[in-house]
Amino acid sequence: MESLKVNALRRYLLEQDLMFLAGQPAVYHCHHFNLFLDQTIDDALGTEESFRLRMSAAREFSGHLLSAVCEHAGARTPPERLQLAAQLFKLMGHGSLDFDADLSGGTAHGSHLHYGFAWLEKYGKQVRRRHPADGFAAGFAAAALEIAFELSPGSLRGVEHECVALRAPQCRIQLDGESSPDPAGAVIGERESENVVGPPEDGLFEDSIHPIVLGLKEFTAGVQGDERGLVQAFGVFVTMHLCGYYNRISYDAVQTIETRAPQSVGVLEDLLRESGHVCVFNTFGGILLSPEWEGLVGAPTNEPAKILAWCIAIGRALGMGHWTIAEFEPERRLVVRTSSSYESVYYRTRHGLASRPVEYLFQGAALAMAQLVHRVDWESKPQLTADYYKRLFKGGVPWRAEQTKSIVRGDALSEVVVTKVSG
Amino acid sequence: MKAGACSDDFAERPGCAAGAEHADPMTVGALGLQLGHSCHRMLVWECARVQPAVTLALPDALRDVGYCEHCRTPLVREPVHPREQSVVIVPRTGGVQIRAPFLTPLAAREAAAREVAREHCALIRRARA
Amino acid sequence: MAESTLAQAVEGVPSLRGLFVTAMPDCLLFDAWMRPNEAWSGEDVASYFGDLVRANREGLKALRAWSAEMQVTIESTELLLILRELSSDFVVGFIFEHATPLGMVRLHVKRVLLLLHDILPRIQPDERPRAIRIAEFLTRYAPDTHTAMQRAALRSGIALELLRTPENLAPNQIELFERSVCDILGLESLNL
């Protein structure tokens, strides 16, 4: 069985900048987004129900991924498949899993698990955590065992009993039979994505965006987890992650709150948008400030159009979709369009048409790009810390974003208009 | 940040207390080590620009002292030491960034970066000679 | 209180970098003096000092070692911080240069506290509504502060607009609000 290379498994949908890993929708996100999104689901559903949902989502989509990867690699026996799963988990930047299990269950020991490790690093000195953080790893581990022993999908569950975010020395996930497996959802792969995306367009500054996207995609082809399973690139900690995980936890949570506490839907959606804001500010900002960026593209400047074009290029290269700049008037108005987004692919395939725009990451990202372009002094090479973020936005955000077109509502493309708030 | 003659006399400006979220710039000799941006605190340190010709020689010099190249593109070189500190070099601009091993305890990161910077300084001096 | 009054109280203490008077039990800044080149935020500093003293008091009580004369001393590489309660109404925070000898610190603290005892008013503060204090505690200690109230709204099920005017919360809502803040901060309870 050959050693895995992420590069061999990665593909982009032509002209749409949607990324796939062994045919499964995938995207790069850093720990700021990952932690904030999981936290939002915790806040919406409570920590126990949230962990179950996150574990289930991870199990479902990791199962599809592992099935495809095992077939690709020719892994036939349980030990081969478990070894492959552990290797893939590492390469994707999620940490290390060590299995001590058989077809009835067992234990997975985790070290440097992305969520727990990153939570402790980011928040550990500020707040105490009382619930384990690694729902994704728990689901991935369950899926790995199901695939290894050819069990029915959803027949095992993972529960994390020890977690470094709770100051345990290591993470420990217990794998047991699942008493109430979820019904299978519609498959979402490249074909389903092609059915949803609209005709790709060019926008402003394409001459500078396009070559950067190509260069970045080539660069990230070599980006994968180290021996501990962490990905270090651009001075940030990145994961290659499953879009299905993000989408399912977000949309299932919204659906639950719509029924259980409809008065809270608005604030949940605001926080889901905020996770997009957090992603762009931290991940994109971190990339722009990195020496890798300086080498590949150039040092950041305070020219708004340049920073905006660069952000669009980063979004495409990370697999967020074929973002374009439809309009840009500095200090007044920004219109971002896309013919594709991993959110719309999932929603249209699983839920059909929506009554309102629900591409939260896209909405939050457009607003954050307006902020990055206008409010950060790039030439001073700031540190984009939580305190910097707080100082920058202490008086409120001077921009307003509205999604005016939406693939999930049946439009050919999605569009967010960002305008300056007067006063 | 200015390039200048390297020296083993490390003059320090106060303010970069270990564990500080926003450390003031700290000078290591004339190498001008400054805290850089990283998602993880105190891990990343920017060096003063050196001449591109010197950065061209740096990866080989680092290899001679045990670093191994993890190069994804010739535009950005990244020698990594077995102890896991790395140096990210942008040959075109002379940009050099030191990254302390990410498992280094917070209180020790500044010292770890300084250690690498000392080594770096000596290598640059040799490369110029 | 006139700024000059505090300035007069600290005259003759060259090693003092700042003085903060916190009104308890709400940990609000009452008054402050600092050297011209210091760039601290008085409100932030005062509120944390009040919490520090309160936490210290509760800790000592748990150890059955509480005393009205207790003092919190914190040394960092750059400063020496002394916190003292001055009656139940005020906590006074002294920020000295790090190198100040401790004997001098004690003398200065004693002298300035005596002056402040005469200067500061005797007040019977209205206890501010608990819900307001919960909201302030949350925004003071939550990470990602700009989203803290939204998170509390989501966790508690209480409308965000209502949480922004916490004095209007009903008793059962206050309980829900407090529980959500505990969950966000990872605390069993809030000692307010």
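Same order as they appear, the protein sequences are chains A, B and C.
Each residue of the first sequence is one higher than the one before, starting from 0 at the first, in numbering that gives the first Met the number 0.
Each residue of the second sequence is one higher than the one before, starting from 0 at the first, in numbering that gives the first Met the number 0.
Each residue of the third sequence is one higher than the one before, starting from 0 at the first, in numbering that gives the first Met the number 0.
Note that CB positions come from ideal geometry on N, CA and C, so glycine has one too.
DSSP state of Ala141 (chain C) mapped onto helix, strand, coil
Note: Ala141 (chain C) maps to coil in three-state DSSP.
Can you list, in chain order, the residues of its chain whose CB lies under 6 Å from that of Val426 (chain A), leaving out five sequence neighbours each side?
Nothing can be reported for residue 426 (chain A), as the shown portion of chain A is limited to 0 through 422.
Please list, in chain order, all residues of the same chain as Gly176 (chain A) whose beta carbon is under 7 Å from its beta carbon, the five residues on each side excluded.
Within the same chain, Gly176 (chain A) has close Cβ partners Gly104, Ser154 and Leu155.
Given Arg399 (chain A) as reference, the closest of A:Asp386, A:Val335, A:Ser274 and A:Val416 once Cα atoms are compared
For the residues A:Asp386, A:Val335, A:Ser274 and A:Val416, the minimum Cα distance to Arg399 (chain A) belongs to A:Val416.
Alpha carbon to alpha carbon, how far is Gly41 (chain C) from Leu17 (chain A)? Give it in angstroms, no decimals.
The alpha-carbon atoms of Leu17 (chain A) and Gly41 (chain C) are separated by roughly 49 Å.
Following the continuous beta strand (DSSP E) through His276 (chain A), name the residue where it begins and the one where it ends.
Annotation for His276 (chain A): no beta strand (DSSP E) segment contains it, though the alpha helix (DSSP H) segment containing it runs Val264 to Cys278.
Three Cβ pairs or more, each shorter than 8 Å: is that satisfied between the segment 4-23 of chain C and the segment 33-49 of chain C?
Counting C-beta pairs with one atom in each stretch, the segment 4-23 of chain C and the segment 33-49 of chain C have three or more that are closer than 8 Å, which means they touch.
Any idea what DSSP makes of Lys380 (chain A), helix, strand or coil?
Three-state result, Lys380 (chain A): coil.
Gly102 (chain C) to Phe95 (chain C) span [Cα, whole Å]
When only Cα atoms are considered, Gly102 (chain C) and Phe95 (chain C) end up about 12 Å apart.
Compare the C-beta of Ala152 (chain C) with all C-beta atoms of chain A and state if any pair is closer than 8 Å.
Proximity of Ala152 (chain C) to chain A, defined by a Cβ-Cβ separation below 8 Å, is satisfied.
For Glu159 (chain A), count neighbouring C-beta atoms within 10 Å of its own C-beta (all shown protein chains included) and say buried if the count is 16 or more, exposed if not.
Buried is the label assigned to Glu159 (chain A), since at least 16 other Cβ atoms lie within 10 Å of its Cβ.
Determine the chain C residues that contact Lys419 (chain A) at a beta-carbon separation under 8 Å, and present them in chain order.
Here the premise fails: no neighbours, minimum Cβ distance about 19 Å.
At least 3 beta-carbon pairs within less than 8 Å: the segment 4-23 of chain A vs the segment 329-347 of chain A
Verdict: yes, contact present.
Strictly below 7 Å CB to CB, what residues from chain A border Ala158 (chain C)?
Those are Gln262, listed as they occur along chain A.
Among C:Cys26, C:Thr146 and C:Asn36, which has the Cα closest to the Cα of Glu268 (chain A)?
Of the candidates C:Cys26, C:Thr146 and C:Asn36, the one whose C-alpha sits nearest the C-alpha of Glu268 (chain A) is C:Thr146.
8 Å Cβ shell around Ala158 (chain C) - same chain, five flanking residues per side excluded
Excluding sequence neighbours, Ala158 (chain C) sits near Ala152.
How long is the line joining the alpha carbons of Leu119 (chain A) and Val126 (chain A), rounded to whole angstroms?
C-alpha of Leu119 (chain A) to C-alpha of Val126 (chain A): approximately 9 Å in a straight line.
Name the chain B residues that come within less than 7 Å of Phe218 (chain A), Cβ to Cβ?
Per Cβ cutoff of 7 Å: Arg71 and Thr72.
Using the beta-carbon of each residue, which ones in chain A are nearer than 7 Å to Thr144 (chain C)?
Result: Lys389.
Using a beta-carbon distance below 8 Å, is Leu189 (chain C) in contact with chain A?
Judged by the 8 Å Cβ criterion, Leu189 (chain C) is not in contact with chain A.
For Leu52 (chain A): DSSP bridge partner residues:
Bridge pairing for Leu52 (chain A): absent [DSSP].
Report the rounded CA-to-CA distance for Lys121 (chain A) versus Glu291 (chain A), giving the unit in angstroms.
Using only the alpha carbons, I get a separation of about 23 Å.
Give a yes or no on whether 8 Å exceeds the smallest Cβ distance from Glu293 (chain A) to chain B.
Answer yes: the Cβ-Cβ gap between Glu293 (chain A) and chain B drops below 8 Å somewhere.
Below 7 Å CB to CB, which residues in the same chain sit around Glu358 (chain A) once its five sequence neighbours on both sides are set aside?
Scanning its chain for C-beta atoms nearer than 7 Å, with the 5 sequence neighbours on each side dropped, one finds around Glu358 (chain A) the residues Ser340, Glu342, Ser343, Gln402, Ser405, Val407 and Ser413, in chain order.
Cross-chain neighbours of Val43 (chain B) in chain A, by beta carbon under 7 Å:
Those are Gly234, listed as they occur along chain A.
For Ala111 (chain B) and chain A, any beta-carbon pair shorter than 8 Å?
For Ala111 (chain B), the answer is no, since every Cβ of chain A falls outside 8 Å of its Cβ.
In terms of DSSP beta bridges, what is Arg83 (chain C) paired with?
Arg83 (chain C) is bridged by DSSP to C:Gln70 and C:Val91.
Using beta carbons (cut-off 8 Å, strictly below), is Tyr122 (chain A) in contact with chain C?
Interface residue, yes.
Does the distance between the C-beta of Leu114 (chain C) and the nearest non-hydrogen atom of the ligand MG fall short of 7 Å?
Of ligands this structure carries none, so the ligand MG is not represented either.
For Gly109 (chain A) and Leu96 (chain A), believed in contact at Cβ under 8 Å, the rounded distance
Yes, they are in contact, since the Cβ atoms of Leu96 (chain A) and Gly109 (chain A) sit about 6 Å apart, within 8 Å.
Cutoff 8 Å: Pro210 (chain A) Cβ touching any chain B Cβ:
Interface criterion not met: the Cβ of Pro210 (chain A) is under 8 Å from no Cβ in chain B.
What does DSSP give as the partner residues of Val53 (chain B) in its beta bridges?
Per DSSP, none; premise fails for Val53 (chain B).
Within 10 angstroms of the Cβ of Val64 (chain B), are there 16 or more other Cβ atoms? Answer buried if so, exposed if not.
Under this definition Val64 (chain B) is an exposed residue.
Does Thr255 (chain A) come out as helix, strand or coil in the three-state DSSP assignment?
Helix at Thr255 (chain A).
Straight-line gap, Gln231 (chain A) to Glu205 (chain A) (C-alpha atoms, nearest Å):
Whole-angstrom Cα-Cα distance: 29 Å.
Length at least 3, wholly inside the segment 19-46 of chain C: the beta strand (DSSP E) runs in chain order:
Within the segment 19-46 of chain C, the complete beta strand (DSSP E) runs of at least 3 residues are 27-33.
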